Structures are given as C-alpha cells and as structure tokens.
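**Q** Residue numbers (the numbering used here), protein chains in the order written: chain A, 73 to 362; chain B, 73 to 362.
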C-alpha cells in the first residue's frame, strides 16, 4: 500500500486540461487509475482510491455532482458538498490529480447525446428513479473519454450502477478495466454513503435495520430457503419494525439480469431501497452459487 | 495526393486485433484517418479515402452493414454487398487497413447499450426511419472506440447523420476531428449512393429530378425568395413531373437545428427524401448566409 501523503496533488477543472494531462500521462507510459465520485468522500471512496493506487502509477479522482442522474424532486441541490474536506482527504491519501469539472462545461447549451442501457436499468432503482441510469451512463462515458483511464473503480454498494457500467464498457468496446470493491460498512453494518450525512440521530439508528435485513437474507439462504417471497417477508418484517422507514423495494433477483427470482437456484442478489425521512438509502448482498 | 496502389493492405475482421493494431499505430506516432462505410464503394467513398490519405499517416477503412440502423421492413438483407470489388478498390487507392467486423461480434448476445442524440434525430429521416439514428450513433461510437482514430471522414450527402456524429463527438468529449466532404455526383447531378445500384434504367433517369429540384432551390434562394413554401412547391412540381417518384419529405430548414423555417433569413438547408420503386434516395443542399 502506498497511501502516503502527497503534497503534489494537482487540481484540474478544465476538461481540455484534464484530457491533455491524461494523454501526457499515457505518453509517459503511466497507467491511469480513475475513481469517479460525487464527493462527500467517505471510507467507501477511500477504499477505491487505495486500490487504484496499488494497481496503477497515476490516480485521478473526479468529484462531480452530476445533474442528469437526479430525477425531478430529488436532492441534486442539497446533495452533500464539502469540497475543502474532500481535497484534504484526496491529498492525504495520495491522489495525483483531482478533476473538478463544472456542470456548465460538462453540459453546455445544445447538449443532446445520452447513453442508455436497456433492460437492466428498468427494475429496482430504475423503476423509482426514471432517467437516473441514463444520466449515470452518460456522465461515466463522458468522464471515461476525458480521463482515458486504464482502470476505473466502483463500489459494489451501487450494484445496479456497477452492472450498467460493465455493460457499457463491453457494448461500446471501451478499453477500460472495471474494478469493483466491496461495500464498506459502519460498525452496525450500515453501508457507507454520502447520503448518511442527512440522517439525524434517530434516523441513523433506524437505518441499521437495512443491514439486519441483509443478515436475515444471508442466514435464510444458508439455511437453504428456496422461496424468495418468504425471505422478502422476513426482511420486510425487520424494516417495518423500525419507525419511519418506507420501503421502495426489496428484491430477491438474478445478479446478472436483475429479474425477480421465482425460486432460488444458484447465485442470488438481495437488493433493497428505503426512505428514512427525506433520505433514500440502498444496499445489496450477493450470495454466489456454491 | 497519394493514391498509388498499395499491395500491403491488411484485412482485419477481429475487433480485438483491430484495436491492438490501432494502439500500435498510435504508439508508433502514426496519425489514424478513419473512413467508416457500409461498403458497395463508390466515388463518394473514394473521395473520403483520398482525403484521409492526404491528412494522415495511416488510413483505416471499415465496411460493416450495420443491422441496428435499418428499421423493420427496410433493405438490411438486400443492401448491396460486393466485398471482393470493395477490397480491390480499397487496395488500389492505398487503404492501409480494411476492417470487416462481423455483426455477431459487434452485437453479441446480451448487447443492451445504445447512444441517442435527442432533438436533431426527430425530423427529416428520423421521422421516416424510427431508430435509424440511434443505430448510426451506436455503431459509429463503437467503431470510434475500436479504431481510436485521430480523424474520421463522412460525406455531406448524409447531412443529418453528419450533424448527429458531430454532436456525439462534442457531447461525449471524443478526441476525434470529424472531416466532412462534399457530395460526389453523377454527370446529371444524382448524388452517388450505394443504393443507386437498385435503380433500373427508367428509375435511374427519373432520379435525376432530385438534383433538378436542388437546382431550383439554389436558384430561388439566389433570386431572394424568402418563403420556404414557395420553394417546396417548385421542388415538388419537378419531382412529381416524373413517373413513379414518391416524396417522403422536402424540407427547407435551419442547417443546425433542422427545424423548418417560416421565413428564409440566413443559412438554409434543403433536404429531400424520395422513394423510386423500392429504392429510397436522399439529397441535400446548404446555402450559407452571405
């Protein structure tokens, strides 16, 4: 591991300068590891950066709160932004380049091009956040074209997003290796998320029920439960036991197609999205076929 | 010009091999000029190749009849294919690499990602060929990612396609220069097109009316006509004078937005699509603001 402090982190906001910098790095034979984020960095992000440092000779971190992946009425304006703290974290951990593009330069007047992954963007969060994955797919492709990384790093917490990005890379013939890293959790199991900052003390306690539901899922699979609805019922019971949590969905599905399973037979994904007050939180767990 | 015969043209059908070859060319400091086509090469294509040879140190020509840009009921299966003749033309003119991917490798099972340019894909051919530009945008982006060219060459005959491709390059931050070249015409003005091969003798004679309609457009603009409908009426009169031509559309519109003009004031595009028998032909003409 090579997470020593780096006093030379360069901050770049211009798209042209970022691209030119990346071309120069490639011409010098550097391997570029890229960690795209929306900032409000937490240990989930830093685990990606640490891994990118291990795998590559140059690490680029982007922070961009992407307007096109928020649906109307969502938290685009209020999304946690703490750029000074993020800069300190990135610099301390040894990021080489911090890319901070503006929304105006990313989406200039006349912008009309979107990337859409069909099918796997429809269930789960796609159902509750129409257009979200189109925004994610588009911004990730733009960032890839600007940064031209050899490898890019994504957390498994956003499971459906990870599937979408892997699909884009394959379908559009991008020469980028997608590396996914395990969800980092708080002591009580809550998945790290920038949105956890929204939670008040009472909500934060309730939020731990999400992970307890995941534990029940794992336990029931281990005990050879084959009927998804029985598992969903148990997960629901745990969540509903807490005050003020509203379930968007709990799905027991195929980890590749995201289609609901009728019977469990092989690898299985449990995916959940809830609302606690105004905060929407997601989590997931894959149990691989033995 | 450097269109001497080239006995060293390399034919590549594997996507991985094409990409590796392009990476090698870039590493050697070569500039890659790319001409994507659907084959049945004619003088329109060769003008693009000649220009690519002038501008670059390596020229890649692709021939791929792209299934996703044909709408149901169109001529995907019957589209002119003459690969042996195309190879000879490409080799004679000095193409360095001929890329011939298969549809199975371009669109493997599970393919789900599409690129869509909004707005400018809706009028003109977009209205008559739903999904066509989504197919074009997707395949062009795939080919760009495989071939990683410095410059790519497109004919102005497919005006709306050219606009879509320029939009993709800008919106998705692709580091590729798009070079457009004037439509090449037969002696009687008919725009060169692979689909002209479909025309029988009688149809071929009728087809010349398309260019005569373009000439009327230019003449009326020159004579300061400001009312689009009057120009459309004259163009229609010329087309309808011929037996067996059916008009899909005649549009007098803004060359950037493709929106129909109510009054002519500045640059103007005339775009036309007709059907002669089973053959669909298009043409266009831009008169720039003086």
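Here a beta-carbon is modelled for each residue, glycine too, at the ideal position from N, C-alpha and C. Quantities reported herein were computed from a predicted structural model and do not represent experimental measurements.
1. Give the single residue among B:323, B:162, B:122 whose Cα lies nearest to the Cα of residue 285 of chain B.
2. Using a cut-off of 9 Å between C-beta atoms, extract the partners of residue 186 of chain B located in chain A.
3. Can you list the alpha helix (DSSP H) stretches of 4 or more residues lying completely in the region 125-195 of chain A, in chain order?
4. What's the gap between the Cα of residue 357 of chain A and the Cα of residue 280 of chain A?
5. So who's on the other strand from residue 225 of chain A, going by DSSP bridges?
6. For residue 118 of chain A, does the three-state DSSP call read helix, strand or coil?
7. Does the Cβ-Cβ distance between residue 131 of chain A and residue 189 of chain A come in under 8 Å?
8. What's the C-alpha gap between residue 187 of chain B and residue 274 of chain A?
9. Residues of the region 239-263 of chain B with a CB closer than 7 Å to any CB of chain A: list them in chain order, please.
10. Using a Cβ-Cβ cutoff of 8 Å, what residues of the region 97-130 of chain A are near chain B? List them in chain order.
11. Short of 6 Å in beta carbon distance, which residues of its chain neighbour residue 268 of chain A, apart from the five on each side in sequence? Order them along the chain.
12. Identify the contact partners of residue 217 of chain A in chain B, using a Cβ-Cβ distance below 7 Å as the criterion.
13. Is residue 94 of chain A closer than 8 Å to residue 256 of chain A when the C-beta atoms are compared?
14. Mind listing the chain A neighbours of residue 87 of chain B? Cutoff is C-beta to C-beta under 9 Å, in chain order.
15. Is it the case that the Cβ atoms of residue 239 of chain B and residue 185 of chain A are separated by a distance below 8 Å?
16. Please report the distance separating the alpha-carbon of residue 343 of chain A from that of residue 197 of chain A.
17. In terms of DSSP beta bridges, what is residue 108 of chain B paired with?
18. Is the CB-CB distance between residue 217 of chain B and residue 214 of chain A below 8 Å?
19. Assuming contact is defined by CB atoms lying nearer than 8 Å, are residue 175 of chain B and residue 144 of chain B in contact in what I supplied?
20. Let me see if you follow: with CB-CB separation under 8 Å, is residue 91 of chain B close to chain A or not?
21. Determine whether the Cβ of residue 213 of chain B lies closer than 8 Å to any Cβ atom of chain A.
22. With three or more beta-carbon pairs closer than 8 Å as the criterion, would you say the region 157-172 of chain B touches the region 299-308 of chain B?
23. On the CB-based measure, 16 or more other CB atoms within 10 Å of its CB, does residue 354 of chain B come out buried or exposed?
24. Just to confirm before moving on: does the CB-CB distance between residue 264 of chain A and residue 115 of chain A stay below 8 Å?
25. Whole angstroms are fine: how far does the CA of residue 91 of chain B sit from the CA of residue 340 of chain B?
26. The alpha helix (DSSP H) that contains residue 281 of chain B, what's its start and end?
27. List the endpoints of the continuous beta strand (DSSP E) containing residue 263 of chain A.
28. With respect to the alpha helix (DSSP H) encompassing residue 329 of chain B, which residues constitute its N-terminal and C-terminal limits?
29. Applying the 10 Å Cβ sphere with the 16-neighbour rule, what's the burial state of residue 202 of chain B?
30. Hey, how far is the Cα of residue 74 of chain B from the Cα of residue 178 of chain B?
31. Is DSSP giving residue 362 of chain A helix, strand or coil here?
32. DSSP state of residue 220 of chain B, grouped into three classes?
33. Once you ignore the five residues that flank residue 107 of chain B on each side, which residues in its own chain have a CB closer than 6 Å to its CB?
34. For residue 205 of chain A, which residues from the same chain have a beta carbon less than 6 Å from its beta carbon, with the 5 sequence-adjacent residues on both sides left out?
35. Out of B:300, B:129, B:112, B:262, which has the shortest C-alpha to C-alpha gap to residue 99 of chain B?
36. Going by CA-CA distance only, name the one from B:83, B:113, B:241, B:260 that's closest to residue 251 of chain B.
**A** The short version:
1. B:323
2. Counting only Cβ-Cβ distances below 9 Å, residue 186 of chain B has contacts in chain A at 187, 188, 189, 190, 243, in chain order.
3. If we require 4 residues or more, the alpha helix (DSSP H) runs fully inside the region 125-195 of chain A come out as 155-165, 175-178.
4. 15 Å
5. Paired residues: A:251.
6. helix
7. The Cβ-Cβ distance between residue 131 of chain A and residue 189 of chain A does not fall below 8 Å.
8. Residue 187 of chain B and residue 274 of chain A: Cα-Cα distance of roughly 44 Å.
9. 239, 240, 243, 244, 245, 246, 247
10. none
11. none
12. 244, 245, 246
13. Taking 8 Å as the Cβ cut-off, residue 256 of chain A and residue 94 of chain A do not qualify as a contacting pair.
14. 245
15. yes
16. 9 Å
17. B:134
18. no
19. no
20. So, interface residue.
21. True, the Cβ-Cβ gap to chain A drops below 8 Å.
22. no
23. buried
24. yes
25. Whole-angstrom Cα-Cα distance: 40 Å.
26. 273-294
27. Element bounds for residue 263 of chain A: n/a, residue is neither H nor E.
28. No alpha helix (DSSP H) holds residue 329 of chain B; DSSP gives it neither H nor E.
29. Result: exposed.
30. With a pLDDT of 42 at residue 74 of chain B, under the threshold of 50, the predicted position of this residue should be treated as unreliable, though the coordinate-derived value follows. The alpha-carbon of residue 74 of chain B is positioned some 32 Å away from that of residue 178 of chain B.
31. coil
32. coil
33. 120, 121, 124, 133, 225
34. 193, 198, 236
35. B:129
36. It is B:241 whose Cα lies nearest to the Cα of residue 251 of chain B.
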